[in-house]
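Numbering (my numbering) for the sequence shown: 317 to 492.
Ideal Cβ placement from N, Cα and C applies to all residues, glycine included.
The model shown is predicted, which means the values in this text are computed figures rather than measured ones.
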Amino acid sequence: MEAKVNNSRISLARGDITEEATDAIVNAANSRLIGGGGVDGAIHRAGGPEIMAECRKIGGCPAGGAVITTAGRLKAKKVIHTVGPIYKDGKHQEAELLASAYFSSLKLAVDHGLKSISFPSISTGAYGYPVEDAAEVALKAVISFLSANKGIDLVRFVLFSDADLKTYAGVLKKLT
Ligand code: AR6
């Protein structure tokens with residue numbers, strides 16, 4: 317499924333983000349940037365040790381922020397590591413922090429001249445954010461960024477399951 321915002325496209329697909337050939341792929345990292353399971357583990361495994369070497373130098377990133385490294389041997393040019401919120405009950409700034417994770421990543425991409433970017437569904441795995449709510453925050457944040465900023469041609473969401481793809485597609489349809 318696809319949608320247009322100004323001159324940019326948002327597209328949704330099911331797949332493995334490590335195989336994406338967009339200029340940037342986004343990692344759902346933790347605040348110490350020390351790697352882990354889920355998409356973080358997959359990106360470091362597929363991209364090789366250069367990515368972790370740069371993460372160690374950077375040292376950390378707060379929830380809602382983003383940092384950029386090499387993509388090692390991945391097809392993408394860069395990996396943007398963002399840190400989503402750990403979901404508690406929805407009353408601990410989770411939505412604001414999740415929106416900020418998307419904004420910070422997009423801003424970093426624009427600052428580095430990167431024109432296409434792929435996101436996973438940040439915070440909805442180990443961090444426990446309900447997918448339907450997270451999809452709404454994520455897509456609203458991207459639509460709002462693309463409405464206000466030039467520089468990004470394509471934002472892809474690469475969802476790991478058919479169920480997540482269906483959820484994101486339903487929300488995107490509602491919002492556009
Ligand atoms: N491609 C695309 N999506 C994937 C992939 C992949 N290769 N692998 C998993 N997903 P999670 P979080 C999906 O847990 O909730 C890590 O240990 C997954 O199905 O990766 O932000 C970090 O180090 C889910 O839909 O990230 C942190 O400690 C989504 O990616 C913590 O987990 C996010 O799940 C971050 O937790």
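Just curious, the beta strand (DSSP E) that Glu318 is in, first and last residue? On the sequence shown, residue 318 is found 2 positions in, with the first residue counted as 1. For Glu318, the enclosing beta strand (DSSP E) begins and ends at Glu318 to Val321.
Classify Ala454 as helix, strand or coil using the three-state DSSP reduction. Position 138 of the sequence shown, counted from the first residue, corresponds to residue 454. In the three-state reduction of the DSSP assignment, Ala454 falls in the helix class.
I'd like the span of the beta strand (DSSP E) that includes Ser324, first residue to last. As a working note, residue 324 is residue 8 in the sequence shown. Note, Ser324: beta strand (DSSP E), Ser324 to Arg330.
Buried or exposed (CB count within 10 angstroms, at least 16 for buried), Thr492: Start at 1 with the first residue of the sequence shown, and residue 492 comes out as number 176. Under this definition Thr492 is an exposed residue.
Mapping DSSP to helix, strand and coil, what is Thr398? Position 82 of the sequence shown, counted from the first residue, corresponds to residue 398. If DSSP states are grouped into helix, strand and coil, Thr398 belongs with the strands.
If distances are taken between C-alpha atoms only, which option among Phe461, Pro446, Ala392 and Ser324 comes closest to Ala483? Along the sequence shown, read from residue 1 onward, the residue named residue 483 stands at position 167. The sequence shown places Thr at residue 483, rather than the Ala named in the question. It is Pro446 whose Cα lies nearest to the Cα of Thr483.
Between Leu390 and Ala362, which are expected to be in contact by the criterion C-beta below 8 Å, what is the C-beta distance as a whole number of angstroms? Position 74 of the sequence shown, counting from 1, holds the residue named residue 390. Position 46 of the sequence shown, counting from 1, holds the residue named residue 362. Their Cβ separation, rounded to whole angstroms, is 6 Å, which keeps Leu390 and Ala362 in contact under 8 Å.
Checking the sheet assignment: what are the DSSP bridge partners for Arg303? Residue 303 lies beyond the residue range present for the chain, which begins at 317 and ends at 492; the question has no answer from this structure.
For His428, collect the residues of the same chain with a Cβ closer than 7 Å to its Cβ; drop the 5 residues on either side in sequence, then sort them by chain order. Within the sequence shown, numbered from 1, the residue matching residue 428 stands at position 112. Only residues of its own chain outside the window of five on either side were considered, and among them Ile384 and Lys394 have a CB closer than 7 Å to the CB of His428, listed in chain order.
Following the continuous alpha helix (DSSP H) through Ser416, name the residue where it begins and the one where it ends. Numbered from its first residue, the sequence shown carries residue 416 at position 100. Glu410 to Asp427 is the extent of the alpha helix (DSSP H) around Ser416.
What number of angstroms, rounded off, separates the C-alpha of Ala369 from the C-alpha of Gly351? In the sequence shown, the residue the question calls residue 369 occupies position 53. In the sequence shown, the residue the question calls residue 351 occupies position 35. Annotation: Ala369 to Gly351 spans about 11 Å, alpha carbon to alpha carbon.
Answer with buried or exposed for Glu410, where buried requires no fewer than 16 other C-beta atoms within 10 angstroms of its C-beta. As a first step, residue 410 must be located in the sequence shown, where it is residue number 94. Answer is buried; the Cβ neighbour count reaches 16.
Taking the alpha carbon of Ser324 as the reference point, which residue from Cys377, Ala464, Thr440 and Val487 has its own alpha carbon closest? Indexing the sequence shown from 1 puts residue 324 at position 8. Out of Cys377, Ala464, Thr440 and Val487, Ala464 has the C-alpha closest to the C-alpha of Ser324.
Can the beta-carbon of Ala319 be found less than 8 Å from the beta-carbon of Leu488? Sequence index remark: in the sequence shown, residue 319 carries index 3 (1-based). Sequence index remark: in the sequence shown, residue 488 carries index 172 (1-based). A contact, by the Cβ cut-off of 8 Å.
Look at the Cβ atom of Ser421, then the Cβ atom of Ala382, and state whether they are nearer than 8 Å. Residue 421 sits at position 105 when you count from the first residue of the sequence shown. Residue 382 sits at position 66 when you count from the first residue of the sequence shown. A contact, by the Cβ cut-off of 8 Å.
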